[in-house]
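Just so we're aligned: 182 in my numbering is position 121 of the sequence shown, and the numbers increase by one with no gaps anywhere.
Heads up, the beta-carbon is just placed ideally off N, CA and C, and yes, glycines get one too.
These numbers come from a predicted model, not from an experiment.
Here the structure comes first, spelled out in structure tokens, and everything after it is commentary.
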Amino acid sequence: MNKIIDTALVAEHNAKQAARLEADYEALGGMLARRGVDIEALTAQAQTFAVAVPSWGVGTGGTRFARFPGRGEPRNVFEKMDDCAVINQLTRATPAVSLHFPWDKPTDVQELRQAADALGLGFDAVNSNTFQDQADQEHSYKFGSLTSASAQTRAQAVAHNIECIDLGRQLGSKALTVWVGDGANFPGQSNLRGALERYLESMRQIYAALPEDWNVFIEHKLFEPAFYATTIADWGTSFACATALGPKARCLVDLGHHAPNTNIEMIVARLAQFGKLGGFHFNDSKYGDDDLDSGSINPFQLFLVFNELADAALREGGAFKPAYMLDQSHNVTDPIESLMNSAVEVQRSFVQAAMVDRAQLAELQAQNDVLQAAQALKQAFRTDVSPILAMARVRAGGAADPVACYRASGYRDRAASLRPAKAGASGSGIV
Ligand SMILES: [Mn+2]
């Protein structure tokens with residue numbers, strides 16, 4: 062793997078942190094041992110964790126009002142891959158990138174694949190984009206794409222998705238994620254049932270183009286840009302469509318795409334139970350689709366999601382492998398720092414959930430010992446597993462403190478001088 066950050070600098074950083082990390086790790090190990098938990102097993106488990114980085118996440122996102130470009134933003138997919146490689150080098154938790162087309166469409170697909178190989182990166186699900194018009198497209202998506210009243214517009218949107226599958230296949234990806242902003246802003250604007258019928262008709266054509274070993278993930282979102290009735294607004298519609306399409310179609314849960322206070326962990330449990338949990342877009346939210354850093358607002362919810370995933374993994378065994386991806390937008394932080402923090406926060410929930418004694422929890426549930434059952438979860442959630450995460454990184458060649466190491470490397474300053482701003486060059490999106 063091509064190390065973008067000087068490995069000597071990472072080693073020096075880790076050496077400075079070594080004594081403190083060892084002491085914290087030993088103290089935590091002792092505490093966990095008294096609970097009957099083996100810290101080494103947890104550290105080994107932490108090292109198995111992987112979450113994909115969204116290519117669009119390394120650019121600075123915007124709001125509906127403005128976008129404030131960041132210093133040294135990547136201007137093309139190759140520069141995005143470099144930033145993603147930094148995130149993986151320091152966290153050792155993000156070995157794959159999720160691309161977005163046409164933003165990331167390369168002129169030479171093999172060149173992109175070789176660049177990824179050289180950086181030690183793979184490709185997770187590819188994402189299609191029919192929520193905005195491209196300069197060269199014939200039919201506008203202003204009034205919808207896969208659900209458009211126009212057969213020609215639908216055909217254009219289907220063809221784009223099939224092109225995404227083809228690009229993804231050449232890059233070694235195994236899934237297509239489809240999110241459409243289609244819907245209505247006014248009652249009467251479209252026939253609610255008719256729109257979903259057209260969606261399914263379009264999706265059947267996309268599904269038919271999937272290679273044998275591929276999946277298609279249906280990403281639902283409650284609202285925005287359609288503010289009255291979004292066609293794929295909830296997990297129920299997503300589940301119904303995935304079921305109608307067939308076994309390769311699964312549901313994708315974006316944590317910000319639900320009504321406030323929705324019990325997302327229960328949705329995860331339901332989708333897992335019926336074999337339709339395809340994957341996640343991890344982020345956090347206070348009000349709506351805020352695309353904030355994972356764990357920044359409601360870390361307990363993230364833990365409870367992973368508690369359900371741990372339960373599902375126990376029930377389903379090795380076959381249970383939902384795709385984990387980050388999906389966030391950065392307006393006021395360095396995107397690389399935010400993505401590193403988010404990867405670590407998702408990994409934190411994964412490790413905390415692994416700490417729960419499931420046999421004991423089942424026993425408490427059987428006895429209706431409500432208080433202790435709740436405490437069993439809270440105890441795991443309250444445990445600061447930071448030394449486990451840091452040790453897992455250091456042992457894998459990452460950084461004890463990824464943000465501190467990144468700042469010491471001067472990577473952003475170098476990027477700022479190597480990447481002078483180019484108007485409209487960075488594809489950043491909020492999905
Ligand atoms: Mn998303």
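Asked, Found
"Using DSSP with H/G/I as helix, E/B as strand and the rest coil, what is Gly229?", "helix"
"For Leu253 and Thr292, I'd like the C-alpha separation in whole angstroms.", "7 angstroms"
"Give the secondary structure of Asn75 by DSSP, where H, G and I count as helix, E and B as strand, and everything else as coil.", "helix"
"Is the segment 319 to 327 in contact with the segment 79 to 99, if contact means three or more CB pairs nearer than 8 angstroms?", "no"
"Would the C-beta of His391 count as close to ligand 1, meaning under 7 angstroms from any of its heavy atoms?", "no"
"State buried or exposed for Asn429, treating a residue as buried only when at least 16 other CB atoms are found within 10 Å of its CB.", "exposed"
"Between the C-alpha atoms of Arg215 and Leu422, what's the straight-line distance to the nearest angstrom?", "50 angstroms"
"So, under 8 angstroms CB-CB, Ala453 and Thr104 are touching, yes? Tell me the CB distance rounded to an integer number of Å.", "5 angstroms"
"In angstroms with no decimal places, state the Cα-to-Cα distance between Arg153 and Ala245.", "42 angstroms"
"Have a look at the DSSP bridge pairing and note the partners of Ser159.", "Pro115"
"Does any residue of chain D bring its CB to less than 8 angstroms from the CB of Ala457?", "Within the model displayed, chain D is absent; a lone protein chain is all it includes."
"Which partner residues of Ala69 appear in the DSSP bridge assignment?", "In the DSSP output, where bridge partners are listed per residue, Ala69 has none listed."
"Which first and last residues belong to the alpha helix (DSSP H) in which Thr304 is found?", "296 to 306"
"Using the three-state DSSP reduction, which class does Leu271 fall into: helix, strand or coil?", "coil"
"Helix or strand or just coil, what does DSSP make of Thr238?", "strand"
"Given this structure, state the Cα-to-Cα distance separating Gln250 from Tyr260, to the nearest angstrom.", "16 angstroms"
"So, helix, strand or coil for Arg475, using DSSP?", "helix"
"Round the Cβ separation of Lys282 and Arg311 to the nearest angstrom and send it over; I've been treating them as touching at under 8 angstroms.", "That pair is no contact at about 16 angstroms."
"For His281, verify whether its CB is less than 7 angstroms away from any heavy atom of ligand 1.", "no"
"Which whole-angstrom value describes the C-beta separation of Leu70 and Ser470, a residue pair presumed to lie in contact below a C-beta threshold of 8 angstroms?", "6 angstroms"
"If distances are taken between C-alpha atoms only, which option among Asp474, Arg480, Ala477, Pro448 comes closest to Gln78?", "Pro448"
"Among Lys141, Ala434, Gln389, which residue has its Cα nearest to the Cα of Gly349?", "Gln389"
"Decide if Ala427 is buried, meaning its Cβ has at least 16 other Cβ atoms within 10 Å, or exposed.", "exposed"
"Would you mind stating whether Leu425 and Ala414 have Cβ atoms separated by less than 8 angstroms?", "no"
"Closer than 6 angstroms by C-beta to Gly131: which residues in its own chain qualify, once you throw out the five before and the five after it? Chain order, please.", "Thr121"
"Could you have a look at Ser487 and say whether DSSP puts it in helix, strand or coil?", "Only weak support exists for where Ser487 lies, its pLDDT of 49 falling under 50; the value from the coordinates is given anyway. In the structure shown, Ser487 sits in coil (DSSP, three-state: anything other than H, G, I, E or B)."
"Under 7 angstroms from any heavy atom of ligand 1, does the C-beta of Asp351 make it?", "no"
"Which of the three DSSP states, helix, strand or coil, is assigned to Pro480?", "The displayed chain sequence assigns Arg, not Pro, to residue 480. DSSP places Arg480 in coil when its eight states are reduced to three."
"Would you call Gln150 buried or exposed, if buried means 16 or more other Cβ atoms sit within 10 Å of its Cβ?", "buried"
"Would you mind reading off the limits of the alpha helix (DSSP H) that contains Met416?", "Careful: Met416 lies outside any alpha helix (DSSP H) and carries neither H nor E."
"Report the start-end ranges of each beta strand (DSSP E) in the segment 380 to 446 that is 3 residues or longer and not cut off at the edges.", "384 to 387"
"Please work out which residues of its chain come closer than 7 angstroms, Cβ to Cβ, to Ser189, disregarding the five sequence neighbours upstream and downstream, and give them in chain order.", "Phe162, His221, Asn222, Cys225, Leu237, Val239"
"Since Ile279 is in the beta strand (DSSP E), which residue starts that stretch and which ends it?", "276 to 280"
"How about Val114 and Leu353: do their beta carbons lie closer than 8 angstroms?", "no"
"Who are the near neighbours of Ala374 in its chain, counting only those whose CB is closer than 6 angstroms to its CB and skipping five residues on each side?", "Phe381"
"Under 7 angstroms from any heavy atom of ligand 1, does the C-beta of Trp240 make it?", "yes"
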